[in-house]
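2 protein chains.
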Amino acid sequence: MTRHYNFCAGPAALPVAVLERAREELLDYQGRGLSVMEMSHRSDEFIAIAERAEADFRHLLGVPDNYRVLFLQGGASLQFAMLPMNLLGQGGRGNFIQTGIWGKKALNEAKHLGFDCHVVASSESNGHTAVPAQDELRVSADAAYLHYTSNETIGGLEFDYTPQIQRADGAHVPLVCDMSSNILSGPIDVSEFGVIYAGAQKNIGPAGLTLVVVRDDLLGKAQANIPSLFDYQMLADAGSMVNTPPTYAWYLAGLVFQWLKDDIGGLAAMDAINQRKADKLYAAIDASELYSNPIANANRSRMNVPFVLADSALDKAFLQQADAAGLLNLKGHRSVGGMRASLYNAVPESAVDALIAFMADFEKTRG
Amino acid sequence: MTRHYNFCAGPAALPVAVLERAREELLDYQGRGLSVMEMSHRSDEFIAIAERAEADFRHLLGVPDNYRVLFLQGGASLQFAMLPMNLLGQGGRGNFIQTGIWGKKALNEAKHLGFDCHVVASSESNGHTAVPAQDELRVSADAAYLHYTSNETIGGLEFDYTPQIQRADGAHVPLVCDMSSNILSGPIDVSEFGVIYAGAQKNIGPAGLTLVVVRDDLLGKAQANIPSLFDYQMLADAGSMVNTPPTYAWYLAGLVFQWLKDDIGGLAAMDAINQRKADKLYAAIDASELYSNPIANANRSRMNVPFVLADSALDKAFLQQADAAGLLNLKGHRSVGGMRASLYNAVPESAVDALIAFMADFEKTRG
Numbered sequence: 007m008t009r010h011y012n013f014c015a016g017p018a019a020l021p022v023a024v025l026e027r028a029r030e031e032l033l034d035y036q037g038r039g040l041s042v043m044e045m046s047h048r049s050d051e052f053i054a055i056a057e058r059a060e061a062d063f064r065h066l067l068g069v070p071d072n073y074r075v076l077f078l079q080g081g082a083s084l085q086f087a088m089l090p091m092n093l094l095g096q097g098g099r100g101n102f103i104q105t106g107i108w109g110k111k112a113l114n115e116a117k118h119l120g121f122d123c124h125v126v127a128s129s130e131s132n133g134h135t136a137v138p139a140q141d142e143l144r145v146s147a148d149a150a151y152l153h154y155t156s157n158e159t160i161g162g163l164e165f166d167y168t169p170q171i172q173r174a175d176g177a178h179v180p181l182v183c184d185m186s187s188n189i190l191s192g193p194i195d196v197s198e199f200g201v202i203y204a205g206a207q208k209n210i211g212p213a214g215l216t217l218v219v220v221r222d223d224l225l226g227k228a229q230a231n232i233p234s235l236f237d238y239q240m241l242a243d244a245g246s247m248v249n250t251p252p253t254y255a256w257y258l259a260g261l262v263f264q265w266l267k268d269d270i271g272g273l274a275a276m277d278a279i280n281q282r283k284a285d286k287l288y289a290a291i292d293a294s295e296l297y298s299n300p301i302a303n304a305n306r307s308r309m310n311v312p313f314v315l316a317d318s319a320l321d322k323a324f325l326q327q328a329d330a331a332g333l334l335n336l337k338g339h340r341s342v343g344g345m346r347a348s349l350y351n352a353v354p355e356s357a358v359d360a361l362i363a364f365m366a367d368f369e370k371t372r373g
Numbered sequence: 007m008t009r010h011y012n013f014c015a016g017p018a019a020l021p022v023a024v025l026e027r028a029r030e031e032l033l034d035y036q037g038r039g040l041s042v043m044e045m046s047h048r049s050d051e052f053i054a055i056a057e058r059a060e061a062d063f064r065h066l067l068g069v070p071d072n073y074r075v076l077f078l079q080g081g082a083s084l085q086f087a088m089l090p091m092n093l094l095g096q097g098g099r100g101n102f103i104q105t106g107i108w109g110k111k112a113l114n115e116a117k118h119l120g121f122d123c124h125v126v127a128s129s130e131s132n133g134h135t136a137v138p139a140q141d142e143l144r145v146s147a148d149a150a151y152l153h154y155t156s157n158e159t160i161g162g163l164e165f166d167y168t169p170q171i172q173r174a175d176g177a178h179v180p181l182v183c184d185m186s187s188n189i190l191s192g193p194i195d196v197s198e199f200g201v202i203y204a205g206a207q208k209n210i211g212p213a214g215l216t217l218v219v220v221r222d223d224l225l226g227k228a229q230a231n232i233p234s235l236f237d238y239q240m241l242a243d244a245g246s247m248v249n250t251p252p253t254y255a256w257y258l259a260g261l262v263f264q265w266l267k268d269d270i271g272g273l274a275a276m277d278a279i280n281q282r283k284a285d286k287l288y289a290a291i292d293a294s295e296l297y298s299n300p301i302a303n304a305n306r307s308r309m310n311v312p313f314v315l316a317d318s319a320l321d322k323a324f325l326q327q328a329d330a331a332g333l334l335n336l337k338g339h340r341s342v343g344g345m346r347a348s349l350y351n352a353v354p355e356s357a358v359d360a361l362i363a364f365m366a367d368f369e370k371t372r373g
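As they're listed, the protein sequences go chains A and B.
Following the numbering used here, the numbering of the first sequence begins with 7 at its first residue and continues without gaps.
Following the numbering used here, the numbering of the second sequence begins with 7 at its first residue and continues without gaps.
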């Protein structure tokens, strides 16, 4: 069996220990004579798996009791539609911070659905290389929520602070955050948020699962006549089982949560590892003549490190030789080109060391 | 390792050969050094997996070139909303045949979304024990499509014919069919349908994947301003990759299609096996004093065989002893009680033989 280092932006690397456990249980879950994939979602066995996964996730992130955790389908992109349909049913306007491609998609989908939206601040003028400062964030008087993307997966731009928002009338504005590509990368204070959501395929598990963490008081505000499976209240009341959930992805997410708890030691420990991984890769980039990354230091993503070669004619050779050296999926997003190394939780420090050594060698011989 | 016989209605049994292949490739797909779960959906490796799955599915069912096959999320229940939002954007009315719980859910969701609907025929008056006859089906003058459920998973009621429908003005009415629980159980003529859809977790693969087969001329008729991920045209244009699809479920579905082609020998062979399995179980039920099934012979489902015990006080003992004998998940749906044996493609004939032997023994000793 071969295992290479996988820097894919998503679907992304999973912990080897999780894959090994899944393999061991694939045809027979703990002597029950069937696969988790073959279980009724309403069976005692699966309910135990589902509840354990939620409990471990809550424990890791410190999710307060007045938040519900939903295990859904459709990806973060479906939340771009579900969010305004759930949160604007009683009026008010969605406010958005724009820091890159994903934040723009969230805004555009709300507009597409006919919602009037307000852009609070944008980093477009600096080419999305630095996030807007807290004191630039002035929400509209009718703000029902403020949406932002804590880490832009394509641009490699990460917020280094959590926005604190009040309207002019002093009302608290619920913060809604797309954390798809940095959830579980370190501790956060969930109580600062109204809604947190994330596609699973970076730090949670396989594609096809989406987690939504929603504060109780934001339930029951949906527009009338939205699709039943869009209604957070209905989904929460049914324990995310209005219909059959993606059971195997839920189980695998649970294995990832156990790995984070037991093998890594929780999110503070994960945070330290992630910081070390990112620091050494950015240091290597900054020290080189060949590689560069344009993002302001404070906002450099710990999860997605885009970089370009001074001579783009070398891109192809770089990618081919990296692949041959067992360093997979370093090609940048098709919309921006260049390279991107995604350093999610499951990418070990040894992968980053191997990448840095390869980059140095490539620079010496080709750059 | 233990493998029991699994009669679950869904998520349901998968072929052992498929699970073994998945286990073998779980940490390293064909020497590429990563799991299918860890691949970019836009990588050459995954695109090849996705295209092979679609090609095999098309081959198995004989899908004509003027149909698109979509690999989606959300379950058949999300299609209950997507269908009217896609098909009624240019007017007309959804027409529905009602033969049980799932057909009613499809109707109710369309109504919930504000669509005016017409019920063409219902088997409610006979307690959903026989489907309406072809000559009872009179669609409304403004019918945009006729929806029916070819197999009611809970009631165990299966159509023994494909409705042929014209409006009074002679116009052809597209047939829309929820085939969640009997797709791929035998050959069909896809050209008789406008849309076929199915949740994967019975005869296709794991939960979290939904297949939609849609005729070209029904694309591009969506309501304006529906969620982008609801738009069949957009999904078809993007090869089901508007956003990240459920890649691992797609891969597993592909393995099931390969198994159907190569191990079983195609849908005609599968059909014969399924018919034999169902025939012998119904024969055993009919020959007993203890067990009974109320469905008209012509409409007895080959996939889901509900039955009750003459003395329901014996239900608990039946289920406990069956489970102890390695015959899992025979409990009927919570809405109807009794027993249900689901005999999907992956349930081998030996499972049915073992069930019949157990039932005879139970009747002799307890009945």
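Don't be surprised by glycine CBs; every beta carbon is placed ideally from N, CA and C.
What you are looking at is a predicted structure, and each value in this text was computed from that prediction instead of being measured.
Given Ala244(B), which residues of its chain have a CB within under 7 angstroms of its CB, disregarding the five upstream and five downstream residues? Same-chain partners within the cutoff: there are none.
For His153(A) and chain B, any beta-carbon pair shorter than 9 angstroms? Using a CB distance cut-off of 9 angstroms, His153(A) does not count as an interface residue toward chain B.
Quick one: does Val262(A) have its CB under 9 angstroms from some CB of chain B? Taking CB atoms only, Val262(A) has no neighbour in chain B less than 9 angstroms away.
Count the other CB atoms, across all protein chains shown, that sit within 10 Å of the CB of Gly161(A); report buried if there are 16 or more and exposed otherwise. Counting the other Cβ atoms within 10 Å of the Cβ of Gly161(A) gives 16 or more, which makes it buried.
What first and last residue would you give for the alpha helix (DSSP H) that runs through Gln327(A)? Segment 321-330, the alpha helix (DSSP H) holding Gln327(A).
On a Cα-Cα basis, can you pick out the residue from Gly133(A), Leu163(A), Glu164(A), Gln172(A) that is closest to Glu142(A)? Distances from the alpha-carbon of Glu142(A) to those of Gly133(A), Leu163(A), Glu164(A), Gln172(A) put Gln172(A) closest.
Does DSSP put Ala347(A) in a helix, a strand or coil? In the three-state scheme derived from DSSP, where H, G and I count as helix and E and B as strand, Ala347(A) is classed as strand.
If the cut is a Cβ gap below 7 angstroms, which residues of chain A does Ser41(B) touch? What Ser41(B) touches in chain A: Leu20, Leu25.
Could you say which of Ala28(B), Val145(B), Asp223(B), Ala290(B) lies nearest to Asn92(B) if we only look at CA atoms? For the residues Ala28(B), Val145(B), Asp223(B), Ala290(B), the minimum Cα distance to Asn92(B) belongs to Asp223(B).
Is Val311(B) near Ser298(B), with beta carbons less than 9 angstroms apart? No; because the gap between Cβ atoms is not below 9 angstroms, this pair is not in contact.
Does any C-beta atom of chain B lie closer than 9 angstroms to the C-beta of Ala59(A)? It does not; no Cβ of chain B falls within 9 angstroms.
Strictly under 9 angstroms for the Cβ-Cβ distance: is Tyr238(A) near chain B by that measure? Judged by the 9 angstroms Cβ criterion, Tyr238(A) is not in contact with chain B.
Counting only Cβ pairs nearer than 9 angstroms, list the residues of chain B close to Gly100(A). Close partners of Gly100(A) in chain B (Cβ separation under 9 angstroms) are lacking, with about 15 angstroms as the shortest Cβ gap.
I'd like to confirm the pairing. Which residues does DSSP put opposite Gln104(B) in its beta bridges? Beta-bridge analysis with DSSP links Gln104(B) to Ser128(B).
Contacts that Asn310(B) makes with chain A (C-beta to C-beta distance below 7 angstroms): Simply none; closest approach about 13 angstroms.
Can you find at least 3 beta carbon pairs, one from the segment 259-275 of chain B and one from the segment 119-133 of chain B, that sit closer than 8 angstroms? No: fewer than three Cβ pairs fall under 8 angstroms.
Lys227(B) - DSSP class collapsed to helix/strand/coil: For Lys227(B), the secondary structure class from DSSP, reduced to helix, strand or coil, is coil.
Three or more C-beta pairs under 8 angstroms: does that hold for the segment 60-69 of chain A against the segment 80-90 of chain A? Segments in contact, no.
Grab me the residues of Ile279(B)'s own chain with a C-beta within less than 7 angstroms of its C-beta, minus the 5 sequence neighbours each way, in chain order. When the five nearest sequence neighbours on each side are left out, the beta carbons in the same chain lying within less than 7 angstroms of the beta carbon of Ile279(B) are those of Glu355, in order along the chain.
Would the beta-carbon of Thr253(A) fall within 9 angstroms of that of Val75(A)? Result no, Cβ atoms of Thr253(A) and Val75(A) do not sit closer than 9 angstroms.
Within 10 angstroms of the Cβ of His178(A), are there 16 or more other Cβ atoms? Answer buried if so, exposed if not. By the neighbour-count criterion, in which a residue is buried when 16 or more other Cβ atoms sit within 10 angstroms of its Cβ, His178(A) is exposed.
Own chain, CB closer than 7 angstroms to Ala323(B), minus 5 neighbours either side, in chain order: Only Arg372 meet the Cβ criterion.
If you measure between the beta carbons of Phe52(B) and Ser246(B), is that distance less than 9 angstroms? No, the Cβ-Cβ distance between Phe52(B) and Ser246(B) is not below 9 angstroms.
Give the DSSP bridge partners of Glu164(A), in chain order. According to DSSP, Glu164(A) bridges with Asn157(A).
Assuming Val196(A) and Val218(A) make a contact with CB atoms under 8 angstroms, what is their CB distance in whole Å? The Cβ separation is near 12 angstroms, so there is no contact.
Beta carbon of Leu32(A) nearer than 9 angstroms to that of Leu32(B): In contact: Leu32(A) and Leu32(B) (Cβ atoms closer than 9 angstroms).
With Leu315(B) as the anchor, note down where its beta strand (DSSP E) starts and where it stops. Run containing Leu315(B): 310-315, per the beta strand (DSSP E) assignment.
Are Leu287(B) and Val342(B) closer than 9 angstroms when you measure CB to CB? No, the pair does not count as a contact, with Cβ atoms beyond the cut-off.
Cα-Cα separation between Gly176(A) and Ala112(A), rounded to whole angstroms: Computed Cα separation, rounded: 26 angstroms.
Below-9 angstroms beta-carbon distance, Asp34(A) vs any chain B residue: Residue-level contact by beta carbon holds for Asp34(A) and chain B, with a gap shorter than 9 angstroms.
Listed in chain order, which residues of the segment 201-230 of chain B have Cβ atoms closer than 7 angstroms to some Cβ of chain A? Cβ contacts with chain A come from Gly205, Gln207, Pro212, Ala213, Gly214.
Mind pulling the chain A residues with CB within less than 7 angstroms of Gly81(B)? Near Gly81(B) (Cβ distances below 7 angstroms), the residues of chain A are Asn249, Thr250.
Proximity below 9 angstroms, CB of Phe102(B) to CB of Val125(B): Contact check for Phe102(B) against Val125(B) passes: the beta carbons are separated by less than 9 angstroms.
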